[in-house]
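Chains as they are written, first to last, in my numbering: chain W, 1 to 199; chain L, 1001 to 1192. Note that CB positions come from ideal geometry on N, CA and C, so glycine has one too. Worksheet: one structure, shown below.
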Amino acid sequence: MKYACTILISISLILSFLGCKNAPVQLTAEPMIGLENPSLHIMVKESEVPPITGSFGWGFSLLKLPPEFGTTLSAVNNRLHSAMLEEMTVKGLVFDESEPDLLLSYAVAGGGEIHTDELTQAYGDMIDASFLEMESDLHYKHGVLILDVLDRRSGDLLWRGAIMADIDMTLPDEEKQARCNAAVKALLQHYPRPGTIDQ
Amino acid sequence: MNNPTQSIGKAIKSRLSKIFLISLLSCTLLGGCGVVKVAVVATVAVVGFAGYAVYKTGETVVTGVGKAGGAVVTGVGAAASVVFINGDFKTQYPGRVQIVWTAARVAFEKAMFVKINGSFDALSGEVTAETREGTKITLKLKSSDQQTTEASIRVGVTGDMELSETIHNLILKELSAPSGPPALPRTAQEIK
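Structural data, given as structure tokens:
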């Protein structure tokens, strides 16, 4: 009996560790260059696993940057495109501007806020946002970057990730690309589902 | 000889141990780290999106308190929202269509664009022009309310964010000139 108990306890402990390895993990926001107090918000469509094969292209870019941000909108756009391109390519998706399977949109506000109505308005006729019925009136606070992944054909929003943080406006230009890369990586490491990817 | 009461006690103890171990094994096999899963998924009900699982961390997450103020400019130079989609650079300017139309027209002339044309009324307007290299520029205006005009800038056939932003800044510069926005023409025909 003693041996049986010992064996069972050992098996339980081993399986517990194995179980933990594959289980979803709590979201974490690691310290990032030029960003203070980061927090994450990930929204995933439950009925459809966002794909990690096929192609992707750009949806919209929504930018709300105050003049003191000290950079042009197109420079920010280019930095974010570069970061998103790298992360999505690493996941196995191929960039295709003409007829992509997925559309990748983003919204960024430096030190400001973005309301979900603004995102819906930006999509215009691209998607029917009525399926996104919300019980509360939401807006994303602080400096925020929001990434959306949509199925281009159906117009369904499959995944939305937002990172909110206090932005260091004094960051030198040469480090801004690194900040973009870090923020995009922090979000897309939770694509297609939080905790279901290799860390 | 064993006491019968002790034997029963041992038997119960042994069965309880087995039940505990089997339960532990079952939980492990079926749920893995079930506690962690519950902790993450529990946030779904907080936000209440239909058909979406929501995961969050940190304190500065979304809140349900009020609106963010929309996408409307509150003054020249403020952080207006700009949307670049399908080659169109969409933004808003403070002032009525006539004011923005005139500022754009003046900005185009100062930039020495050629073939400048356009018209406006109280509700909408359009200005078209070409760069020296023949790239077409189209500015479309639409009245949002008495203080705001929605604008769409397109450069070339497929759109160009960088050039659109340059044109946007030229228009903003005219609108924020110390002498005020350019004087309004009495009619759209007057400036043709």
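- Rounded to whole angstroms, SER1119 (chain L) and ALA182 (chain W) show a C-alpha spacing of 47 Å.
- Of all residues in the stretch 1082 to 1113 of chain L, the ones placed with a Cβ closer than 7 Å to any Cβ belonging to chain W are VAL1082, VAL1083, PHE1084 and ILE1085, in chain order.
- Contact of SER74 (chain W) with chain L by beta-carbon distance below 7 Å involves MET1161, GLU1162 and GLU1165.
- If you keep only unbroken beta strand (DSSP E) runs of at least 3 residues inside the stretch 149 to 195 of chain W, you get 157 to 167.
- Flagged as an interface residue toward chain L: HIS41 (chain W), by a C-beta distance shorter than 7 Å.
- Pairing GLY155 (chain W) with LEU62 (chain W), the inter-Cα distance amounts to about 18 Å.
- According to DSSP, residue pairing for GLN1092 (chain L) in a beta bridge involves L:GLU1150.
- Of the residues assessed, TYR3 (chain W) falls on the exposed side of the cut-off, its CB having fewer than 16 other CB atoms within 10 angstroms.
- Residue-level contact by beta carbon fails for VAL184 (chain W) and chain L, as no gap is shorter than 7 Å.
- Taking the Cα positions, GLY143 (chain W) is about 17 Å away from ASP117 (chain W).
- ILE146 (chain W) places its beta carbon less than 7 Å from that of ALA107 (chain W).
- With respect to the 7 Å criterion, ALA1107 (chain L) and GLU1174 (chain L) are classified as neighbours on the basis of their beta carbons.
- For THR1057 (chain L), the enclosing beta strand (DSSP E) starts and ends at 1052 to 1057.
- If you draw a straight line from the Cα of GLN1147 (chain L) to the Cα of SER1179 (chain L), it comes to about 19 Å.
- Chain-order list of chain L residues neighbouring PHE60 (chain W): VAL1083, PHE1084 and ILE1085, by C-beta distance under 7 Å.
- Residues ALA109 and GLY112 of the same chain have their beta carbon placed closer than 6 Å to that of LYS64 (chain W), with the five preceding and five following residues left out of the count.
- For ILE1167 (chain L), there is no enclosing beta strand (DSSP E); the enclosing alpha helix (DSSP H) has its first and last residue at 1161 to 1175.
- For a Cβ distance threshold of 7 Å, nothing in chain W lies close to LYS1173 (chain L): the least Cβ distance comes to about 12 Å.
- Non-local beta-carbon contacts of ILE1167 (chain L) in its own chain, meaning distances under 6 Å to residues more than five positions away in sequence, involve ILE1153 in chain order.
- ILE42 (chain W) carries a strand assignment under DSSP once its states are collapsed to helix, strand and coil.
- Look at GLY1051 (chain L): its C-beta is under 7 Å from a C-beta on chain W.
- Cβ-Cβ separation between PRO100 (chain W) and SER39 (chain W): approximately 30 Å, too far for a contact (criterion under 8 Å).
- Neighbours of LYS176 (chain W) across chain L, judged by C-beta separation under 8 Å, do not exist; the nearest C-beta is about 17 Å away.
- ASP117 (chain W) sits in a helix when the DSSP states are folded into three classes.
- Counting along the chain, the unbroken beta strand (DSSP E) around ILE1116 (chain L) starts and ends at 1114 to 1120.
- Assignment of beta strand (DSSP E) within the stretch 74 to 126 of chain W, counting only whole runs of 3 or more residues, yields 102 to 109 in chain order.
- Any Cβ of chain L closer than 7 Å to the Cβ of GLU87 (chain W) would place that residue at the interface, and such an atom is absent.
- Under the three-state reduction of DSSP output, LYS141 (chain W) falls in the coil class, being neither helix nor strand.
- Identification of chain W residues near VAL1054 (chain L) by a Cβ-Cβ cut-off of 9 Å yields HIS41, ILE42, MET43 and VAL44, ordered along the chain.
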